[in-house]
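For what it's worth, this note's numbering labels the leading residue of the sequence shown as 1212, then goes sequentially. We treat Cβ as the ideally placed atom computed from N, Cα and C, and that holds for glycine.
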Amino acid sequence: MLTIQNLKSKIAQSPYQAYVYSYPHKTAYRPLTPPVHLPELWAQQDRQALFLYIHIPFCEMRCGFCNLFTTVSHNEDFMSQYIRTLQRQAQRMKAVLGDASFARFAIGGGTPTQLPIQHLETILNIAENTMGAKLQEIPISVEVSPETATEDKLKLLRSHAVDRVSIGVQSFIDSEVLATQRRQSTTQVEATLTRIKEMRFPTLNIDLIYGLPGQTVNTWLQSIQATLRFQPEEIYLYPLYVRSLTGLGRTDREWDDIRLACYREGRSLLLSEGYTQVSMRMFRRLEEGQGINFSPSSPVYCCQADGMIGLGCGARSYTNTLHYSNEYAVGAKGISEILQAYIQTADESFDYAHYGFQLSAEEQRRRYILLSLLSDEGLNCASYRQQFGSEVYADFPEFSELLALNLAIKYEDILQLTEFGIERSDTIGAWLFSEKVQELMQDYELK
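Now the structure itself:
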(Lines of atoms letter the chains of each structure in order from A and count residues from 1; the text may use other names and numbers.)
(Lines give C-alpha, C1' and ligand atoms only; values in the text may rest on other atoms or scores of the structure.)
Protein backbone atom coordinates (compact mmCIF):
# COMPACT_ATOMS: atom_id res chain seq x y z
CA MET A 1 0.00 0.00 0.00
CA LEU A 2 1.21 3.51 -0.78
CA THR A 3 1.51 5.47 2.45
CA ILE A 4 2.93 8.88 3.34
CA GLN A 5 4.84 7.37 6.30
CA ASN A 6 6.37 4.76 4.03
CA LEU A 7 7.41 7.37 1.46
CA LYS A 8 8.81 9.80 4.05
CA SER A 9 10.96 7.04 5.50
CA LYS A 10 12.21 6.02 2.06
CA ILE A 11 13.05 9.61 1.08
CA ALA A 12 15.11 10.03 4.26
CA GLN A 13 17.39 7.17 3.18
CA SER A 14 20.00 7.15 0.42
CA PRO A 15 18.38 7.61 -3.02
CA TYR A 16 20.34 4.57 -4.20
CA GLN A 17 18.60 1.56 -2.67
CA ALA A 18 17.62 -0.23 -5.90
CA TYR A 19 17.65 0.46 -9.62
CA VAL A 20 14.13 0.96 -11.02
CA TYR A 21 13.58 1.13 -14.77
CA SER A 22 10.56 -1.05 -15.44
CA TYR A 23 7.63 -2.73 -13.74
CA PRO A 24 7.13 -5.38 -12.56
CA HIS A 25 10.73 -6.26 -11.73
CA LYS A 26 12.11 -9.48 -13.28
CA THR A 27 12.61 -11.01 -9.81
CA ALA A 28 8.81 -10.97 -9.44
CA TYR A 29 8.46 -13.45 -12.32
CA ARG A 30 7.55 -17.07 -11.50
CA PRO A 31 6.76 -20.30 -13.40
CA LEU A 32 3.42 -20.08 -15.22
CA THR A 33 1.12 -23.03 -14.49
CA PRO A 34 -0.18 -23.95 -16.97
CA PRO A 35 2.10 -22.36 -19.61
CA VAL A 36 0.42 -19.60 -21.62
CA HIS A 37 -0.30 -20.32 -25.30
CA LEU A 38 1.27 -17.40 -27.16
CA PRO A 39 -0.95 -17.44 -30.29
CA GLU A 40 -3.98 -16.89 -28.06
CA LEU A 41 -2.20 -14.26 -25.96
CA TRP A 42 -0.93 -12.16 -28.88
CA ALA A 43 -4.20 -12.46 -30.84
CA GLN A 44 -5.72 -10.16 -28.20
CA GLN A 45 -2.99 -7.50 -28.59
CA ASP A 46 -2.52 -4.52 -30.88
CA ARG A 47 0.38 -5.77 -33.01
CA GLN A 48 0.90 -2.71 -35.22
CA ALA A 49 3.54 -0.81 -33.23
CA LEU A 50 5.70 -3.40 -31.47
CA PHE A 51 9.21 -3.16 -30.09
CA LEU A 52 11.48 -5.97 -31.30
CA TYR A 53 14.35 -6.77 -28.95
CA ILE A 54 17.04 -9.40 -29.54
CA HIS A 55 19.29 -10.43 -26.66
CA ILE A 56 22.91 -11.51 -27.12
CA PRO A 57 24.25 -12.90 -23.81
CA PHE A 58 27.98 -12.75 -24.58
CA CYS A 59 30.68 -10.42 -23.25
CA GLU A 60 34.45 -10.32 -23.41
CA MET A 61 34.60 -9.72 -19.63
CA ARG A 62 32.32 -9.58 -16.63
CA CYS A 63 32.33 -6.11 -15.08
CA GLY A 64 32.37 -5.97 -11.29
CA PHE A 65 29.06 -4.09 -11.10
CA CYS A 66 27.23 -6.20 -13.71
CA ASN A 67 24.13 -8.22 -12.80
CA LEU A 68 22.95 -8.74 -16.38
CA PHE A 69 22.21 -12.11 -17.91
CA THR A 70 25.50 -12.54 -19.76
CA THR A 71 28.41 -14.94 -19.95
CA VAL A 72 32.11 -14.80 -20.74
CA SER A 73 32.28 -18.60 -21.06
CA HIS A 74 31.64 -19.14 -24.74
CA ASN A 75 33.32 -20.11 -28.00
CA GLU A 76 32.30 -19.82 -31.64
CA ASP A 77 30.60 -23.21 -31.66
CA PHE A 78 28.42 -22.24 -28.69
CA MET A 79 27.64 -18.89 -30.31
CA SER A 80 26.58 -20.71 -33.50
CA GLN A 81 24.25 -22.96 -31.47
CA TYR A 82 22.77 -19.90 -29.81
CA ILE A 83 22.16 -18.12 -33.14
CA ARG A 84 20.51 -21.22 -34.64
CA THR A 85 18.22 -21.45 -31.62
CA LEU A 86 17.37 -17.78 -31.88
CA GLN A 87 16.49 -18.31 -35.56
CA ARG A 88 14.17 -21.18 -34.60
CA GLN A 89 12.52 -19.04 -31.94
CA ALA A 90 12.06 -16.17 -34.41
CA GLN A 91 10.37 -18.44 -36.94
CA ARG A 92 7.89 -19.68 -34.34
CA MET A 93 7.29 -16.17 -33.05
CA LYS A 94 6.60 -14.80 -36.52
CA ALA A 95 3.96 -17.52 -36.97
CA VAL A 96 2.50 -16.55 -33.58
CA LEU A 97 2.26 -12.86 -34.47
CA GLY A 98 0.93 -13.13 -37.99
CA ASP A 99 0.35 -9.67 -39.46
CA ALA A 100 2.42 -7.50 -37.14
CA SER A 101 4.61 -4.45 -37.63
CA PHE A 102 7.50 -3.05 -35.62
CA ALA A 103 8.05 0.56 -34.65
CA ARG A 104 11.44 0.04 -33.01
CA PHE A 105 14.26 -2.51 -32.88
CA ALA A 106 17.17 -2.97 -30.48
CA ILE A 107 19.95 -5.49 -30.01
CA GLY A 108 21.26 -5.66 -26.48
CA GLY A 109 23.04 -7.97 -24.13
CA GLY A 110 25.65 -8.72 -23.11
CA THR A 111 27.56 -7.19 -25.96
CA PRO A 112 26.04 -7.83 -29.41
CA THR A 113 29.29 -6.87 -31.17
CA GLN A 114 31.04 -9.68 -29.28
CA LEU A 115 29.54 -11.88 -32.01
CA PRO A 116 31.68 -12.67 -35.07
CA ILE A 117 30.58 -10.44 -37.92
CA GLN A 118 28.75 -13.22 -39.79
CA HIS A 119 26.61 -13.94 -36.74
CA LEU A 120 25.94 -10.24 -36.21
CA GLU A 121 24.72 -10.04 -39.79
CA THR A 122 22.50 -13.07 -39.20
CA ILE A 123 20.86 -11.27 -36.26
CA LEU A 124 20.07 -8.27 -38.47
CA ASN A 125 18.69 -10.61 -41.14
CA ILE A 126 16.51 -12.39 -38.57
CA ALA A 127 14.98 -9.04 -37.64
CA GLU A 128 14.36 -8.03 -41.24
CA ASN A 129 13.71 -11.24 -43.15
CA THR A 130 12.24 -13.52 -40.50
CA MET A 131 10.38 -11.07 -38.26
CA GLY A 132 9.57 -8.57 -41.01
CA ALA A 133 10.93 -5.44 -39.32
CA LYS A 134 11.48 -2.67 -41.87
CA LEU A 135 14.96 -1.67 -40.82
CA GLN A 136 15.20 1.26 -43.22
CA GLU A 137 12.13 2.89 -41.66
CA ILE A 138 12.41 2.45 -37.89
CA PRO A 139 14.83 3.46 -35.11
CA ILE A 140 17.44 0.78 -34.42
CA SER A 141 19.78 0.73 -31.43
CA VAL A 142 22.75 -1.57 -30.84
CA GLU A 143 24.96 -1.85 -27.77
CA VAL A 144 28.72 -2.04 -28.38
CA SER A 145 31.89 -2.09 -26.30
CA PRO A 146 35.28 -0.44 -26.81
CA GLU A 147 36.95 -3.78 -27.55
CA THR A 148 34.38 -5.07 -30.03
CA ALA A 149 33.23 -2.01 -32.01
CA THR A 150 35.57 -2.73 -34.90
CA GLU A 151 35.41 -0.87 -38.20
CA ASP A 152 33.94 -3.80 -40.13
CA LYS A 153 31.18 -4.37 -37.58
CA LEU A 154 30.30 -0.68 -37.42
CA LYS A 155 30.12 -0.58 -41.22
CA LEU A 156 27.79 -3.58 -41.15
CA LEU A 157 25.51 -1.87 -38.62
CA ARG A 158 25.48 1.35 -40.62
CA SER A 159 24.64 -0.52 -43.84
CA HIS A 160 21.58 -2.01 -42.11
CA ALA A 161 20.28 1.44 -41.10
CA VAL A 162 21.31 1.24 -37.43
CA ASP A 163 20.96 4.84 -36.28
CA ARG A 164 21.90 4.60 -32.59
CA VAL A 165 25.02 3.12 -31.05
CA SER A 166 25.24 2.85 -27.28
CA ILE A 167 28.60 2.27 -25.62
CA GLY A 168 29.36 1.65 -21.97
CA VAL A 169 32.48 3.68 -21.14
CA GLN A 170 31.71 4.10 -17.40
CA SER A 171 34.83 6.22 -16.74
CA PHE A 172 37.69 7.87 -18.61
CA ILE A 173 39.98 7.37 -15.60
CA ASP A 174 41.96 4.13 -16.05
CA SER A 175 42.29 3.40 -12.33
CA GLU A 176 38.52 3.69 -11.84
CA VAL A 177 37.84 1.37 -14.76
CA LEU A 178 40.35 -1.17 -13.44
CA ALA A 179 38.61 -1.14 -10.06
CA THR A 180 35.44 -2.39 -11.78
CA GLN A 181 37.36 -5.35 -13.23
CA ARG A 182 37.24 -4.00 -16.81
CA ARG A 183 40.28 -4.28 -19.06
CA GLN A 184 39.68 -1.29 -21.33
CA SER A 185 42.04 1.68 -21.50
CA THR A 186 41.13 5.31 -22.09
CA THR A 187 43.25 5.30 -25.25
CA GLN A 188 41.23 2.37 -26.60
CA VAL A 189 37.93 4.04 -25.67
CA GLU A 190 38.86 7.29 -27.38
CA ALA A 191 39.91 5.44 -30.55
CA THR A 192 36.59 3.58 -30.60
CA LEU A 193 34.55 6.74 -30.07
CA THR A 194 36.45 8.47 -32.86
CA ARG A 195 35.68 5.53 -35.15
CA ILE A 196 31.96 5.67 -34.28
CA LYS A 197 31.81 9.41 -34.93
CA GLU A 198 33.52 8.97 -38.28
CA MET A 199 30.78 6.51 -39.29
CA ARG A 200 28.21 9.28 -38.75
CA PHE A 201 25.66 7.36 -36.75
CA PRO A 202 22.81 9.82 -36.10
CA THR A 203 22.80 9.05 -32.37
CA LEU A 204 25.74 8.16 -30.15
CA ASN A 205 24.94 7.29 -26.54
CA ILE A 206 27.67 7.07 -23.90
CA ASP A 207 27.08 5.45 -20.49
CA LEU A 208 28.98 6.68 -17.43
CA ILE A 209 28.84 5.46 -13.82
CA TYR A 210 29.26 7.53 -10.66
CA GLY A 211 30.16 6.15 -7.24
CA LEU A 212 32.97 3.91 -8.55
CA PRO A 213 35.75 2.76 -6.19
CA GLY A 214 38.34 5.53 -5.87
CA GLN A 215 36.21 8.06 -7.75
CA THR A 216 35.81 11.64 -6.54
CA VAL A 217 33.43 14.36 -7.68
CA ASN A 218 36.32 15.96 -9.56
CA THR A 219 37.34 12.80 -11.41
CA TRP A 220 33.66 12.20 -12.21
CA LEU A 221 33.43 15.63 -13.82
CA GLN A 222 36.64 14.88 -15.73
CA SER A 223 34.95 11.84 -17.24
CA ILE A 224 31.94 13.91 -18.27
CA GLN A 225 34.20 16.55 -19.84
CA ALA A 226 36.02 13.80 -21.75
CA THR A 227 32.65 12.49 -22.93
CA LEU A 228 31.60 15.92 -24.15
CA ARG A 229 34.60 16.08 -26.49
CA PHE A 230 32.80 13.48 -28.63
CA GLN A 231 29.51 15.44 -28.64
CA PRO A 232 27.22 12.46 -28.02
CA GLU A 233 23.54 13.02 -28.67
CA GLU A 234 22.72 11.07 -25.52
CA ILE A 235 24.49 10.52 -22.21
CA TYR A 236 23.32 8.19 -19.45
CA LEU A 237 24.59 8.87 -15.93
CA TYR A 238 24.18 5.69 -13.88
CA PRO A 239 24.69 5.54 -10.12
CA LEU A 240 26.68 2.53 -9.00
CA TYR A 241 24.47 -0.12 -7.48
CA VAL A 242 26.29 -3.03 -5.87
CA ARG A 243 24.19 -6.18 -6.20
CA SER A 244 24.48 -9.71 -4.86
CA LEU A 245 26.63 -12.21 -6.81
CA THR A 246 28.42 -9.45 -8.75
CA GLY A 247 32.18 -8.95 -8.49
CA LEU A 248 31.86 -5.82 -6.36
CA GLY A 249 29.03 -7.37 -4.37
CA ARG A 250 31.41 -10.07 -3.11
CA THR A 251 33.67 -7.51 -1.42
CA ASP A 252 33.34 -6.37 2.18
CA ARG A 253 33.74 -2.66 1.46
CA GLU A 254 31.16 -0.11 2.55
CA TRP A 255 29.93 2.08 -0.31
CA ASP A 256 30.10 5.76 0.55
CA ASP A 257 27.66 8.28 -0.80
CA ILE A 258 29.40 10.77 -2.99
CA ARG A 259 26.82 9.59 -5.51
CA LEU A 260 24.27 12.33 -4.85
CA ALA A 261 26.95 15.01 -5.11
CA CYS A 262 28.19 13.42 -8.36
CA TYR A 263 24.67 13.33 -9.75
CA ARG A 264 23.99 16.98 -8.95
CA GLU A 265 27.30 18.24 -10.31
CA GLY A 266 27.02 16.06 -13.43
CA ARG A 267 23.45 17.16 -14.07
CA SER A 268 24.41 20.82 -13.70
CA LEU A 269 27.30 20.42 -16.13
CA LEU A 270 25.22 18.70 -18.80
CA LEU A 271 22.39 21.22 -18.55
CA SER A 272 24.92 24.02 -18.96
CA GLU A 273 26.20 22.28 -22.11
CA GLY A 274 22.78 22.30 -23.77
CA TYR A 275 21.50 18.86 -22.78
CA THR A 276 17.96 18.31 -21.57
CA GLN A 277 17.13 15.82 -18.84
CA VAL A 278 14.77 13.06 -19.96
CA SER A 279 14.90 10.98 -16.78
CA MET A 280 17.08 10.58 -13.70
CA ARG A 281 19.68 8.84 -15.88
CA MET A 282 19.17 10.07 -19.44
CA PHE A 283 20.30 13.37 -20.96
CA ARG A 284 19.74 14.26 -24.62
CA ARG A 285 21.02 16.92 -27.00
CA LEU A 286 19.30 17.43 -30.34
CA GLU A 287 20.81 19.57 -33.06
CA GLU A 288 18.57 21.36 -35.52
CA GLY A 289 17.57 18.91 -38.22
CA GLN A 290 18.86 15.92 -36.26
CA GLY A 291 16.33 13.23 -35.59
CA ILE A 292 15.73 9.54 -35.33
CA ASN A 293 15.41 7.44 -38.46
CA PHE A 294 11.63 7.56 -38.74
CA SER A 295 9.40 7.21 -41.74
CA PRO A 296 6.50 9.69 -41.36
CA SER A 297 4.09 6.80 -41.85
CA SER A 298 5.72 4.61 -39.19
CA PRO A 299 3.64 3.92 -36.07
CA VAL A 300 5.05 5.34 -32.86
CA TYR A 301 6.06 2.94 -30.10
CA CYS A 302 4.94 3.88 -26.59
CA CYS A 303 6.37 1.80 -23.76
CA GLN A 304 3.37 2.43 -21.48
CA ALA A 305 0.85 1.00 -23.93
CA ASP A 306 2.40 -1.24 -26.55
CA GLY A 307 4.04 -4.66 -26.69
CA MET A 308 7.59 -5.90 -26.82
CA ILE A 309 8.72 -9.05 -28.58
CA GLY A 310 11.88 -10.39 -26.97
CA LEU A 311 13.99 -12.98 -28.78
CA GLY A 312 16.98 -14.69 -27.19
CA CYS A 313 17.60 -16.31 -23.85
CA GLY A 314 17.71 -13.18 -21.67
CA ALA A 315 14.98 -11.20 -23.44
CA ARG A 316 11.65 -10.27 -21.92
CA SER A 317 8.37 -9.93 -23.82
CA TYR A 318 5.54 -7.64 -22.77
CA THR A 319 1.82 -7.68 -23.44
CA ASN A 320 -0.65 -5.59 -21.49
CA THR A 321 -1.64 -8.62 -19.38
CA LEU A 322 1.51 -10.77 -19.26
CA HIS A 323 5.25 -10.18 -19.06
CA TYR A 324 7.28 -13.30 -19.78
CA SER A 325 10.84 -14.49 -20.32
CA ASN A 326 13.22 -17.33 -19.56
CA GLU A 327 14.47 -17.65 -16.00
CA TYR A 328 17.05 -15.15 -14.77
CA ALA A 329 20.45 -15.63 -13.17
CA VAL A 330 23.59 -13.65 -12.34
CA GLY A 331 25.99 -16.39 -11.23
CA ALA A 332 27.98 -18.21 -13.92
CA LYS A 333 26.52 -21.63 -13.08
CA GLY A 334 22.92 -20.44 -13.16
CA ILE A 335 23.44 -18.59 -16.45
CA SER A 336 25.10 -21.63 -18.04
CA GLU A 337 22.21 -23.91 -17.05
CA ILE A 338 19.59 -21.53 -18.43
CA LEU A 339 21.52 -21.06 -21.70
CA GLN A 340 21.84 -24.82 -22.16
CA ALA A 341 18.11 -25.25 -21.57
CA TYR A 342 17.38 -22.51 -24.11
CA ILE A 343 19.53 -24.12 -26.80
CA GLN A 344 17.81 -27.46 -26.21
CA THR A 345 14.29 -25.97 -26.41
CA ALA A 346 12.03 -27.84 -28.83
CA ASP A 347 10.44 -25.74 -31.57
CA GLU A 348 6.88 -26.20 -30.32
CA SER A 349 7.89 -25.08 -26.81
CA PHE A 350 8.56 -21.58 -28.20
CA ASP A 351 4.79 -21.29 -28.71
CA TYR A 352 4.32 -21.04 -24.93
CA ALA A 353 5.32 -18.69 -22.12
CA HIS A 354 6.59 -20.77 -19.21
CA TYR A 355 7.83 -18.08 -16.83
CA GLY A 356 6.53 -14.59 -16.16
CA PHE A 357 4.09 -12.31 -14.38
CA GLN A 358 0.35 -11.86 -14.99
CA LEU A 359 -0.65 -8.19 -14.72
CA SER A 360 -3.96 -7.53 -12.99
CA ALA A 361 -5.85 -4.30 -13.72
CA GLU A 362 -4.15 -2.70 -10.71
CA GLU A 363 -0.68 -3.80 -11.85
CA GLN A 364 -1.36 -2.38 -15.32
CA ARG A 365 -2.22 0.95 -13.73
CA ARG A 366 0.92 0.92 -11.57
CA ARG A 367 3.09 0.16 -14.59
CA TYR A 368 1.57 3.00 -16.58
CA ILE A 369 2.04 5.45 -13.70
CA LEU A 370 5.62 4.41 -13.00
CA LEU A 371 6.82 4.57 -16.61
CA SER A 372 5.13 7.93 -17.17
CA LEU A 373 6.12 9.61 -13.93
CA LEU A 374 9.81 8.64 -14.07
CA SER A 375 10.25 10.31 -17.49
CA ASP A 376 10.24 13.98 -18.43
CA GLU A 377 6.76 13.68 -19.98
CA GLY A 378 5.22 13.11 -16.56
CA LEU A 379 1.93 11.43 -15.76
CA ASN A 380 -0.83 12.72 -18.01
CA CYS A 381 -3.98 12.27 -15.96
CA ALA A 382 -6.21 12.68 -19.03
CA SER A 383 -4.35 9.90 -20.85
CA TYR A 384 -4.61 7.73 -17.75
CA ARG A 385 -8.35 8.42 -17.64
CA GLN A 386 -8.71 7.50 -21.31
CA GLN A 387 -6.63 4.33 -20.88
CA PHE A 388 -8.24 3.00 -17.71
CA GLY A 389 -11.61 4.77 -17.42
CA SER A 390 -10.88 6.04 -13.92
CA GLU A 391 -9.15 8.89 -12.08
CA VAL A 392 -5.59 8.38 -10.91
CA TYR A 393 -6.23 10.06 -7.53
CA ALA A 394 -9.31 7.89 -6.97
CA ASP A 395 -7.32 4.74 -7.76
CA PHE A 396 -4.32 5.82 -5.66
CA PRO A 397 -5.40 8.54 -3.19
CA GLU A 398 -2.01 8.46 -1.42
CA PHE A 399 -0.47 9.62 -4.68
CA SER A 400 -1.18 13.25 -3.82
CA GLU A 401 1.48 13.01 -1.09
CA LEU A 402 4.11 13.34 -3.80
CA LEU A 403 3.01 16.97 -3.97
CA ALA A 404 3.13 17.44 -0.20
CA LEU A 405 6.72 16.19 -0.08
CA ASN A 406 7.81 18.42 -2.99
CA LEU A 407 8.56 15.36 -5.09
CA ALA A 408 6.15 16.36 -7.85
CA ILE A 409 4.22 19.34 -9.18
CA LYS A 410 0.89 19.42 -10.96
CA TYR A 411 0.05 21.74 -13.82
CA GLU A 412 -3.11 21.43 -15.87
CA ASP A 413 -3.60 17.64 -16.05
CA ILE A 414 0.09 16.63 -15.81
CA LEU A 415 1.88 15.36 -12.72
CA GLN A 416 5.64 15.81 -13.11
CA LEU A 417 8.57 15.16 -10.81
CA THR A 418 10.40 18.15 -9.37
CA GLU A 419 14.19 18.39 -9.46
CA PHE A 420 14.16 16.89 -5.96
CA GLY A 421 11.83 14.14 -7.14
CA ILE A 422 13.89 13.27 -10.22
CA GLU A 423 17.02 12.58 -8.17
CA ARG A 424 14.95 10.21 -6.05
CA SER A 425 13.30 8.47 -8.99
CA ASP A 426 14.43 5.01 -7.91
CA THR A 427 12.97 5.58 -4.43
CA ILE A 428 9.65 6.77 -5.85
CA GLY A 429 9.60 3.93 -8.36
CA ALA A 430 10.08 1.31 -5.62
CA TRP A 431 7.38 3.04 -3.52
CA LEU A 432 4.94 2.45 -6.39
CA PHE A 433 5.52 -1.32 -6.38
CA SER A 434 2.52 -3.30 -5.18
CA GLU A 435 2.71 -5.42 -2.04
CA LYS A 436 2.45 -8.53 -4.19
CA VAL A 437 5.45 -7.53 -6.32
CA GLN A 438 7.48 -6.55 -3.26
CA GLU A 439 6.78 -9.91 -1.60
CA LEU A 440 7.71 -11.85 -4.74
CA MET A 441 10.96 -9.87 -5.06
CA GLN A 442 11.85 -10.48 -1.41
CA ASP A 443 11.19 -14.21 -1.75
CA TYR A 444 13.17 -14.55 -4.98
CA GLU A 445 16.29 -16.70 -4.69
CA LEU A 446 18.98 -15.27 -6.95
CA LYS A 447 20.93 -17.85 -8.95
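Near residue i, what residues of its chain come up, given a Cβ to Cβ distance below 6 angstroms and the 5 sequence neighbours on each side ignored?
i: A1344; result: L1263, F1313, F1316, A1338
i: M1410; result: L1365, R1369
i: L1628; result: A1619
i: L1570; result: T1532
i: Q1689; result: Residue numbering for the chain in the displayed model covers 1212 to 1658; residue 1689 lies beyond these limits and cannot be assessed.
i: G1589; result: I1625, L1626, Q1627
i: C1592; result: V1603, D1624
i: S1636; result: M1491, L1585
i: L1481; result: F1494
Mapping the DSSP letters down to three states, classify residue i as helix, strand or coil.
i: R1393; result: coil
i: Q1259; result: coil
i: N1416; result: strand
i: G1477; result: helix
i: Q1224; result: coil
i: V1247; result: strand
i: A1229; result: coil
i: K1237; result: helix
i: N1217; result: helix
i: I1674; result: In the structure as shown, the chain starts at 1212 and stops at 1658, and residue 1674 therefore has no counterpart that could be examined.
i: N1537; result: coil
i: E1445; result: strand
i: A1619; result: strand
i: N1429; result: helix
If you draw a straight line from the alpha carbon of residue i to that of residue j, how long is it in whole angstroms?
i: T1341; j: I1639; result: 40 angstroms
i: S1225; j: A1557; result: 46 angstroms
i: V1380; j: S1601; result: 44 angstroms
i: L1308; j: I1520; result: 10 angstroms
i: L1471; j: Y1566; result: 37 angstroms
i: I1334; j: E1271; result: 19 angstroms
i: Y1553; j: C1524; result: 6 angstroms
i: H1330; j: P1323; result: 10 angstroms
i: A1390; j: E1358; result: 18 angstroms
i: S1356; j: T1403; result: 9 angstroms
i: L1585; j: R1578; result: 11 angstroms
i: G1477; j: L1448; result: 8 angstroms
i: Q1259; j: W1253; result: 12 angstroms
i: L1451; j: V1428; result: 14 angstroms
i: G1542; j: L1261; result: 31 angstroms
i: G1320; j: T1296; result: 16 angstroms
i: I1267; j: S1434; result: 28 angstroms
i: Q1488; j: Y1232; result: 16 angstroms
i: L1582; j: Q1575; result: 11 angstroms
i: L1243; j: Y1655; result: 15 angstroms
i: I1294; j: E1332; result: 11 angstroms
i: L1614; j: D1468; result: 26 angstroms
i: E1251; j: E1573; result: 22 angstroms
My guess is that residue i and residue j are in contact by the Cβ rule of under 8 angstroms, so how many angstroms apart are they, rounded?
i: N1531; j: I1549; result: Going by Cβ atoms, the distance from N1531 to I1549 rounds to 26 angstroms, so no, they are not a contact pair.
i: G1518; j: Y1529; result: 6 angstroms
i: A1540; j: K1408; result: Actually they do not touch by this definition, with Cβ atoms about 36 angstroms apart.
i: P1246; j: Y1563; result: 4 angstroms
i: Y1604; j: S1611; result: 6 angstroms
i: C1473; j: G1422; result: 7 angstroms
i: D1310; j: S1377; result: No, D1310 and S1377 are not in contact; Cβ-Cβ is about 31 angstroms, not under 8 angstroms.
i: V1353; j: I1384; result: In fact, because the Cβ distance is near 26 angstroms, the residues do not count as touching under 8 angstroms.
i: A1526; j: I1349; result: The pair is not a contact, with the Cβ atoms about 18 angstroms apart (cut-off 8 angstroms).
i: R1303; j: E1362; result: Not really, about 35 angstroms apart at Cβ, beyond 8 angstroms.
In chain order, what residues of the same chain lie with their CB nearer than 8 angstroms to the CB of residue i, ignoring the 5 residues before and after it?
i: E1484; result: L1439, R1496
i: F1631; result: N1617, L1618
i: M1652; result: H1236, T1238, A1239, F1644
i: S1291; result: H1330
Going along the chain, which residues of its own chain have a beta-carbon closer than 7 angstroms to the beta-carbon of residue i, five neighbours each way excluded?
i: E1287; result: P1327
i: W1642; result: L1213, N1217, L1218, K1221
i: Q1395; result: P1357, E1358, V1388
**Message:** If we require 3 or more residues per run, which beta strand (DSSP E) segments fall completely within the segment 1264–1340?
**Reply:** 1313–1320
**Request:** List in chain order: all unbroken beta strand (DSSP E) runs of 3+ residues lying wholly within the segment 1625–1652.
**Result:** 1625–1628
**Message:** Extract the residue ranges of the beta strand (DSSP E) inside the segment 1337–1390, only unbroken runs of 3 or more that lie entirely within it.
**Reply:** 1351–1355, 1375–1381
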